[in-house]
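K.L.:
Let me begin by handing over the structure; questions about it come next.
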Amino acid sequence: LFLFFFILVPSHYLSDLIKKMESFDIIQGRRLFLNEEVSNRLTSYELIDTEIDTYAEDPYWDAFQKTEDWNSLHNHWKYTCTHSLAVRKADFKRLGWFRKTFLFYGFEDVDLGYRFAKDGARFLLNDKAIFHLHPPPSQSEYERSPARRQTILAKTCRIFFHHSLDEAAFNDFRGLLTPSHSFSIELPRINPRSAFFWLHHSFQMVKWRLMWFFFHPAPKAGIQLTGGLLRRAYWRLIWPTMCWFYWRIKVLATWVYWRTYGLAGLVRWRIWGLLKWKLAMPLYYKGGLSLRKIYYYGFERIFWKFVWPCLCWSRWRTTGLANKIYWRTRVLISRLYWRLYASINFFYYHILVRGFWLIFKLSLPLRKPFYILMFQYRKRILRLPEYQKE
């Protein structure tokens, strides 16, 4: 059973299909379109009024929905649609599933119905009405745009005709198969699903070809044989005549450069180390460091003995006492606040919220008849003549 997620079916729909599949090979639901307002408000099959809550589809499908014998129609397979289509699993597999060439919306179900009709299948338009809801535009492949829908159907119709090459199909879908003579510019539009499928298919194709090339014995042996012959010819013919003299000069120049650089570095670091560690450092540690200690420690002793008690002690004592009082008070207030907040929060969430929720759930049987009466009253008001004229 192929069933779209926005199709509303009656109860016991599957059991009815199983009984009818004993006499027929392919069964399709009789689809009615709901008004968008009713579609967004209702989800129950029994509350729908077909005279008020539905509207007629385009003439192509409206004539099909009113027929009694599907098999008596001209090219009856062209009305096949997978919004609610039931077939046998064995027949579906035997006839080749859905074709993988249909990458866009449309005509994959018509192609399946065409193959069933050529196989002699018996078609049935179910007398059980089903209702077509209105999904959001983001979940529609053509974004609920009639112009974009016709553009996509024109592409998939050509794919279907290339598979069937049926003259009757060409006559029925001539408007979609023949190009339009009006001048129009179609801007490129990327379909994420088809783009992802194309990238995945290309990756798989390249991956398997590379795996065959690298891991199959035949190309691997050919590459090894060719590479061995080329390497042997290079080292025997080209290297002695063209490269040997160049590499001899380069190696000699590199040896001379590094020997000169190493000798110069040795002399430089020997002289610098002698000057630094033998002359400069003993003078610094014996004379300069002792003078620095005398100056620094003398100034520090004067600061802590005279400046600190006079200028800083009283200010730091006052600041420390004020900070102590402030933080003690703040901690006490915060402790009282959080204890009060925890008690109120516990009372609100564990007693009030659960109590109101329990009352709301228990009162549902009392409120439900009023909801039904309000809904029926609204439907009767909408049926009045003055509202229908508006």
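Each residue of the sequence shown is one higher than the one before, starting from 5 at the first, in my numbering. Heads up, the beta-carbon is just placed ideally off N, CA and C, and yes, glycines get one too. Just so it is clear, the structure is predicted and the values come from calculations on it, not from any experiment.
1. Here's the rule I'm using: 16 or more other beta-carbon atoms within 10 Å means buried, otherwise exposed. How should L256 be labelled?
2. Three-state secondary structure (DSSP) at R34?
3. What does DSSP give as the partner residue(s) for F135 in the beta ladder?
4. Tell whether a beta-carbon distance below 9 angstroms holds between G33 and S88.
5. Tell me where the alpha helix (DSSP H) around L366 begins and ends.
6. Could you check whether the segment 107 to 126 touches the segment 8 to 22, counting it as contact only if at least three pairs of C-beta atoms, one from each stretch, sit closer than 8 angstroms?
7. Go ahead and label N130 buried or exposed: buried means 16 or more other beta carbons lie within 10 angstroms of its beta carbon, across all protein chains shown.
8. For S88, write down the residues that DSSP places opposite it in a beta bridge.
9. Residue range of the alpha helix (DSSP H) that A94 falls in?
10. Name the DSSP bridge partner or partners of L128?
11. Tell me the residue span of the alpha helix (DSSP H) that contains I22.
12. Around the Cβ of L279, are there at least 16 other Cβ atoms within 10 angstroms (buried) or fewer (exposed)?
13. Return the first residue and the last residue of the alpha helix (DSSP H) that R119 is part of.
14. CA-CA distance, F351 and F360?
15. Roughly how many whole angstroms lie between the Cα atoms of L157 and A172?
16. Could you tell me how far apart the beta carbons of L137 and L38 are, in whole angstroms, since I believe they sit closer than 8 angstroms?
17. Would the beta-carbon of I163 fall within 9 angstroms of that of I11?
18. Report the CB separation of L21 from L5 in whole angstroms; it is logged as a contact under 8 angstroms.
19. Are the segment 81 to 100 and the segment 23 to 32 in contact at 8 angstroms, needing three or more beta carbon pairs?
20. Quick check: the Cα distance between N349 and S338, rounded to an integer number of angstroms?
21. Just verifying my parser: in three-state terms, what is the DSSP assignment at T105?
22. To the nearest angstrom, how far is the alpha carbon of R274 from that of W262?
23. Three-state secondary structure (DSSP) at T155?
24. Could you tell me which residues DSSP puts in a beta bridge with T416?
25. What does the alpha-carbon distance come out to for the pair S168 and F207?
26. If you draw a straight line from the C-alpha of P286 to the C-alpha of A268, how long is it?
27. Straight-line CA distance for P313 to E304?
28. With a cut-off of 8 angstroms on the beta carbons, I'd call F120 and H80 a contact; round off their distance for me.
29. Determine the direct distance from the alpha carbon of R384 to that of L377, and round the result to whole angstroms.
30. Can you check whether the CB of F106 is closer than 9 angstroms to the CB of T160?
31. Compute the Euclidean distance between the alpha carbons of R358 and R334, then round it to the nearest angstrom.
32. What is the DSSP secondary structure of K70, reduced to helix, strand or coil?
33. With a 10 Å radius around its C-beta and 16 neighbouring C-beta atoms as the bar for buried, classify S186 as buried or exposed.
P.N.:
Well, looking at it:
1. exposed
2. strand
3. L12 and L36
4. yes
5. R358 to L366
6. no
7. buried
8. L7
9. K93 to R98
10. I31
11. Y17 to K24
12. exposed
13. E112 to K122
14. 13 angstroms
15. 18 angstroms
16. 6 angstroms
17. no
18. 7 angstroms
19. yes
20. 16 angstroms
21. coil
22. 18 angstroms
23. helix
24. Any question about residue 416 goes unanswered here, given that the chain covers just 5 to 394.
25. 30 angstroms
26. 27 angstroms
27. 13 angstroms
28. Rounded, the Cβ-Cβ distance is 10 angstroms, inconsistent with contact.
29. 11 angstroms
30. yes
31. 35 angstroms
32. coil
33. With a pLDDT of 49 at S186, under the threshold of 50, the predicted position of this residue should be treated as unreliable, and no value is reported.
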